[in-house]
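S.K.: After the C-alpha cells below, expect a handful of questions from me.
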Amino acid sequence: MTQFLRALPLAPRPAPARLAGARLRWRQLWFPSLPTGVFSLLLAAALLVAGWHFLQWAVLHAHWRGTSSEACVGSDGACWAFVLARWKTWIVGPYPDAQLWRPWVGFALFAGFWAWAVRRPASASPGPVLWGFVLLPCLLLLLLAGGGPLPAVPATQWGGLLLTLAATLVTFVTALPLGLLLALGRRSRLPVLRWLCAGFVEGMRSVPLLAVLFVAATLLPMFLPPGWNLDLFTRALVAFALFNAAMAAEVFRGGLQTVGAGQLEAAATVGLGDFATLRLVVLPQAVRAVVPALVNILIAIVKETTLLSVIGLSDLLGAIENGAKSPEWSGEANILTSGQVFLALVYLAVCYGLSRYSRRLETHDGHPAR
C-alpha cells in the first residue's frame, strides 16, 4: 500500500485559467439553445422599442420650463416643468417657511446616517445600525415637531417626502420592539399570553392594511377616553405600527427558532436565568439572523406609506396628486403622469438602495444572494 502513497505533498498550483472568453460566456448566457435564443432576441427587441419610446417621451419631446399647464400642451412629451415648479412642496409640504431649516437638517442627518451604515465593513456588528434606526426617528420627531426653544409645528403642516420619511422611520422603530415582544409572547409558558399574542398576530396578518387604516381614521376616535384627541397622522402611525408589528413578530419567531435547544441547556448549566439567557444567548443570535428580513420589512413600510393619501394625508403621492389638481396645473393628463413617473423613480432609488444593503447582509451571513 505504501507504494501508492506520496511521500511529499504536492506543490501549490495556480488556479485554472478560464478558457472561455467574454463572447462565449455571453453566448452561453443568452443563447444556450435555439428557443431561448429566439426568446432573448424578441425580449431585446421589445426592450429597445419601449426604451426608444420612453426616451422620446422623457427627453426628446419633454417640456422643461413653465409655471402652469400652458407649458405642457399635448401628451407627446413629459411635463418636467411641473416637477421643477413643485419639487419644494413635494419635499417638505406646507412646512412654515421660517422653520424650513429644520426639515433640511433632518434630511441631512438621515443622509449622513445612511451613508455611514452603507460604508461600514460587512463584518461589523449590526447592533449600532439598529440603535441608529431607534434613536434617529426620536431625534427627527423632536426636531420637526418642536417644543421648548423650538416653535411647535403640528403634523398637519408636514407633507410630501418629509411626511413619508417620518412615517417610515417611526413605524419601523415602533413595530420592531412590538414584534419582538409578540414573538416572545408566542413562546411563553403562559397559555393565555401565548394565545393572545398568536390571536393578535394571525388576526392582523389576515386583514388588509387599508382596512386597518380606515379603522384607525374613523372608528378609533370613538373608543378613546373623553378629552383624548389624537390627530389623523398619529392614528395612522398606530395602524402602521400594529400591522407591521405582526409581520415583524413572524420574522423574529423564525429567528428565535434558529437557536437550538442545546444552547439553552448549556446556558442553564452555567447558571444563567431565563432573562439572562434571552439577553446574552438567544437575542444576539436571533436578531443577527433576521437583519436582512428586517430590512425587507423596512422596504415594505416605505411602499405602504403611499396609502396615507387614501385617508387624506398629503404624503409624497398625495402631494403630487394635489399639485396636478391645482388651478395652475389642471388640464392635460400628461402632467399627472410626469409626476407619477418622478414618484416611481424616487421609490425605485430608495427601495433599490435598501435592497442592495439587504443583499449585502445576506451575503455576509453566509447565504449567497440570488
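The opening residue of the sequence shown carries number 1 in UniProt numbering; numbering runs sequentially from there. Beta carbons: idealized from backbone N, C-alpha and C, even for Gly. Since the model is a prediction, treat every value here as computed from it, not as a measurement.
Quick check on this structure: which residue in 306, 267, 243 and 332 has the alpha carbon closest to the alpha carbon of residue 74?
M.R.: Measuring from the Cα of residue 74, the nearest candidate turns out to be 332.
S.K.: Is residue 366 helix, strand or coil when you go by DSSP?
M.R.: Only weak support is given to the placement of residue 366: the predicted model assigns it a pLDDT of 47, under 50, and the question is left unresolved by the model.
S.K.: Is the region 78-90 touching the region 114-131 in the sense that three or more CB pairs, one from each, lie closer than 8 Å?
M.R.: Taking 8 Å as the limit for Cβ pairs, the verdict is that the region 78-90 does not touch the region 114-131.
S.K.: Could you tell me the distance, in whole angstroms, from the CA atom of residue 369 to the CA atom of residue 360?
M.R.: Confidence is the limiting factor: at residue 369 the pLDDT is only 45, short of 50, which leaves the residue's position unreliable and the question unanswerable from this model.
S.K.: Mind checking residue 352: buried by the 16 CB within 10 Å criterion, or exposed?
M.R.: Burial call: exposed.
S.K.: Check whether the Cβ atoms of residue 286 and residue 306 lie closer than 8 Å to each other.
M.R.: Not closer than 8 Å, so no.
S.K.: Can you list the beta strand (DSSP E) stretches of 3 or more residues lying completely in the region 197-260, in chain order?
M.R.: None, since the region 197-260 contains no complete beta strand (DSSP E) of that length.
S.K.: Any idea what DSSP makes of residue 76, helix, strand or coil?
M.R.: Here residue 76 sits in coil by DSSP.
S.K.: Would you tell me roughly how many angstroms separate the C-alpha atoms of residue 62 and residue 315, rounded to the nearest one?
M.R.: Each residue's Cα considered, the two are about 26 Å apart.
S.K.: Going by DSSP in three states, residue 127 sits in which element: helix, strand or coil?
M.R.: If DSSP states are grouped into helix, strand and coil, residue 127 belongs with the helices.
S.K.: Please state whether DSSP places residue 93 in a helix, a strand or coil.
M.R.: If DSSP states are grouped into helix, strand and coil, residue 93 belongs with coil.
S.K.: Express the C-alpha separation of residue 245 and residue 311 in angstroms, rounding to a whole number.
M.R.: Taking the straight line joining both Cα atoms gives about 21 Å.
S.K.: For residue 93, which residues from the same chain have a beta carbon less than 8 Å from its beta carbon, with the 5 sequence-adjacent residues on both sides left out?
M.R.: If we look at residue 93 and ignore the five residues flanking it on each side, its Cβ neighbours are 157, 158, 159, 160, 162, 163, 314 and 319.
S.K.: Does the region 139-157 come close enough to the region 228-236 to have 3 or more Cβ pairs within less than 8 Å?
M.R.: Enough Cβ pairs lie closer than 8 Å, so yes.
S.K.: Less than 6 Å between C-beta atoms, sequence neighbours within five positions excluded: which residues of the same chain meet that for residue 309?
M.R.: Correct list, in chain order: 315, 317 and 318.
S.K.: Apart from the five residues just before and just after residue 367, which ones in its own chain have a Cβ nearer than 6 Å to its Cβ?
M.R.: The pLDDT assigned to residue 367 is 47, lower than 50, so where the model puts this residue is not dependable; a value taken from the coordinates is nonetheless given after this. Once the five neighbours on either side are set aside, residue 367 has no close Cβ partner at all.
S.K.: Return the first residue and the last residue of the alpha helix (DSSP H) that residue 53 is part of.
M.R.: Element bounds for residue 53: 34-55.
S.K.: When DSSP labels each residue in this structure, what does residue 150 get in the three-state scheme?
M.R.: The answer is strand: DSSP assigns residue 150 an E or B state.
S.K.: Does the region 289-308 come within contact of the region 164-178, defined as at least 3 CB pairs closer than 8 Å?
M.R.: Flag = yes, the region 289-308 and the region 164-178 touch.
S.K.: Which word fits residue 247, buried or exposed, when buried means at least 16 other C-beta atoms lie within 10 angstroms of its C-beta?
M.R.: Residue 247 should be labelled buried.
S.K.: Is it true that the CB of residue 109 sits closer than 8 Å to the CB of residue 150?
M.R.: Not in contact: residue 150 and residue 109 (Cβ atoms no closer than 8 Å).
S.K.: Would the region 271-282 and the region 208-227 be scored as touching if the rule is three or more Cβ pairs under 8 Å?
M.R.: Touching, no, given that fewer than three Cβ pairs across the two stretches are closer than 8 Å.
S.K.: Could you check the C-alpha separation between residue 91 and residue 166 for me, to the nearest Å?
M.R.: Their Cα atoms are separated by approximately 12 Å.
S.K.: On the CB-based measure, 16 or more other CB atoms within 10 Å of its CB, does residue 54 come out buried or exposed?
M.R.: Under this definition residue 54 is an exposed residue.
S.K.: Excluding sequence positions up to five away, which residues of its chain have a Cβ less than 7 Å from the Cβ of residue 447?
M.R.: Absent from the model: residue 447. The displayed extent of the chain is 1 to 370, so no value can be given.
S.K.: Should residue 324 and residue 336 be called a contact, given that it needs their Cβ atoms to be closer than 8 Å?
M.R.: Yes, they are a contact pair.
S.K.: Compute the distance between the beta-carbons of residue 78 and residue 338, then report whether it is under 8 Å.
M.R.: Going by C-beta atoms, residue 78 is nearer than 8 Å to residue 338.
S.K.: CB residue 144 to CB residue 103, shorter than 8 Å?
M.R.: Contact flag set, yes.
S.K.: DSSP state of residue 354, grouped into three classes?
M.R.: Helix, per DSSP.
S.K.: Is it buried or exposed, residue 223, if we count other Cβ atoms within 10 angstroms and call 16 or more buried?
M.R.: Answer is exposed; the Cβ neighbour count stays below 16.
S.K.: Between which two residues does the alpha helix (DSSP H) carrying residue 9 extend?
M.R.: Note, residue 9: premise wrong, no alpha helix (DSSP H); not H, not E.
S.K.: Between the Cα of residue 239 and the Cα atoms of 228, 221 and 268, which residue gives the shortest distance?
M.R.: For residue 239, the nearest C-alpha among the options comes from 221.
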